[in-house]
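What follows is one structure encoded as structure tokens, with my remarks underneath.
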Amino acid sequence: MAQEKRGYWLDLFTAKTWEEFHKAGGNVSGFRLRRRKMMQGIKPGDYFLCYLTGVSRWIGILEVTSGPFKDTKKIWSDEDFPIRFNVKTLVVLTPETAVPVLDLKSHLSFFKNLKNPNAWSGYFRASPKRISREDGEVIEKALVDAKANPKVKPVDPAKLAYRPKAIKSKTLGPVTVPEPEPAVATTPEVPLEPSDHTEIQWLLLKLGNDMGLDVWVAKNDKNKNYKGNKFTDLPRLKKKLPALFEEVAQRTIELIDVLWLKGNNIQAAFEVENTTSIYSGLLRMSDLIATIPNLKVPLYLVAPDERRGKVFTEINRPTFSKMSPPLNELCQYIPFDALRKEAVEASKYIKHLNPNFLEDIAESCVVAEEL
-16 MAQEKRGYWL DLFTAKTWEE FHKAGGNVSG FRLRRRKMMQ GIKPGDYFLC
34 YLTGVSRWIG ILEVTSGPFK DTKKIWSDED FPIRFNVKTL VVLTPETAVP
84 VLDLKSHLSF FKNLKNPNAW SGYFRASPKR ISREDGEVIE KALVDAKANP
134 KVKPVDPAKL AYRPKAIKSK TLGPVTVPEP EPAVATTPEV PLEPSDHTEI
184 QWLLLKLGND MGLDVWVAKN DKNKNYKGNK FTDLPRLKKK LPALFEEVAQ
234 RTIELIDVLW LKGNNIQAAF EVENTTSIYS GLLRMSDLIA TIPNLKVPLY
284 LVAPDERRGK VFTEINRPTF SKMSPPLNEL CQYIPFDALR KEAVEASKYI
334 KHLNPNFLED IAESCVVAEE L
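Here the sequence shown is numbered in our numbering, starting from -16 and rising by one per residue.
Shown next as structure tokens:
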């Protein structure tokens, strides 16, 4: 394909999925089913630019040699990635010789005009994603140069191997279980939009319910409704949370804004923050971690798009970095608008989804480096 007609696409890998890709022959790349609409634009001759999450480095170039096809033959151990393309490997680097994305920040469009210096990480939350020709050519050249003249740059083994793990809390002092908030706020925090919190709770509850999961809403919010839709009308809303933990931990769990459950297992926990501080939701998350140190659950803070900077600032406070691993490695950020759009799109095939689909809109809160 002539270079001027070539398309460039982001292809995300973890260290584990990159290794599994090569063990399977390095000739098939795959994506989640729900990204199939985006994949319609991918043509033979296009390039997948491979990005290694955790260490934030470009690690390879794959040339697309087929159209999309569906296949569940085992390649990756954690997910099927069933929409696949045949590919030809053009450039393969190691994590140590891969190109740090920040080395190219002055040349790439997604680093420009950022309202928050860490907002660039949101670009790498899902793949495939089209990369502009200008950016694609910059990344392609950097990868080709790195192959010809490899330069070893050490990587943090913990970041390279990062996957969700059991939470181990250090001593954070006494854990205070928050009491249910009164119907009328008595704190100086002023909601940006009074109905936002209820709307987002409703969207999360309905998504979980429609996926066939049981759902839980903070016990002081059970009587709410959104535009005439009563929370209690959802058939899978739990009236009582199973007694999963000791009393203090159970009381903490009951006050989390939204939970998705499968049987007695929590699938995801959400705190919705539309106040000016963002802090109270993070405190509840840290209380949850401190009271249930071996909990293995995806945690999400859902907040307005314009509060992204505040989310990153608050979650990286020393208060929350005294856990091992830190809260910013355990809790991801979901913007309100991304969730609203996702709820509309997901409704078309909701029964075929599982909670992992949120990874496509969730943003890591880890600050890799200062820009």
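Glycine included, each C-beta is placed from N, C-alpha and C at the ideal position.
- Taken in chain order, the whole beta strand (DSSP E) runs of length 3 or more contained in the stretch 258 to 305 are 282 to 286.
- Residue 49 carries a coil assignment under DSSP once its states are collapsed to helix, strand and coil.
- CA-CA distance, residue 70 to residue 116, rounds to 20 Å.
- With contacts defined by Cβ atoms closer than 7 Å, residue 68 and residue 12 form a contacting pair.
- Taking 3 residues as the shortest admissible run, the stretch 170 to 218 contains the following complete beta strand (DSSP E) segments, listed from N- to C-terminal end: 197 to 200.
- Residue 327 and residue 25 have their alpha carbons spaced roughly 24 Å apart.
- Spanning the alpha carbons of residue 190 and residue 332 requires a straight line of approximately 11 Å.
- In this structure, DSSP gives residue 244 an extended state, which the three-state scheme calls strand.
- The C-beta of residue 270 has 16 or more other C-beta atoms within 10 Å across all chains shown, which makes the residue buried.
- With respect to residue 79, residue 135 sits close: the two C-beta atoms are nearer than 7 Å.
- Pairing residue 317 with residue 345, the inter-Cα distance amounts to about 5 Å.
- The Cβ atoms of residue 34 and residue 114 do not sit closer than 7 Å to each other.
- When secondary structure is reduced to three states using DSSP, residue 32 falls in the strand class.
- Within its own chain, no residue has a Cβ closer than 6 Å to the Cβ of residue 139 once the five positions on either side in sequence are excluded.
- Beta bridge pairing from DSSP links residue 254 with 284.
- Rounded to whole angstroms, the separation of the alpha carbons of residue 281 and residue 216 is 26 Å.
- Of the candidates 240, 59, 251, the residue whose Cα lies closest to the Cα of residue 203 is 240.
- Only residues of its own chain outside the window of five on either side were considered, and among them 160, 270, 271, 274 have a CB closer than 6 Å to the CB of residue 235, listed in chain order.
- The DSSP-derived three-state label of residue 39 is coil.
- Inter-residue distance for residue 182 and residue -12 is about 43 Å (C-alpha atoms, whole angstroms).
- Around the beta carbon of residue 184, 16 or more other beta carbons sit within 10 angstroms, so the residue counts as buried.
- DSSP places residue 59 outside both helix and strand once states are collapsed to three, so it counts as coil.
- In the same chain as residue 14, and ignoring 5 residues on each side of it, the C-beta atoms closer than 7 Å to its own belong to 22, 64, 66, 110, 111, in chain order.
- The stretch -10 to 27 is shown to contain whole beta strand (DSSP E) runs of 3 or more residues at -9 to -4, 11 to 14, in chain order.
- Under DSSP, the beta-bridge partners assigned to residue 83 are 40.
- Residue 267 and residue 124 have their C-alpha atoms spaced approximately 46 Å apart.
- In the structure shown, the three-state DSSP call for residue 106 is helix.
- With respect to residue 242, residue 252 sits close: the two C-beta atoms are nearer than 7 Å.
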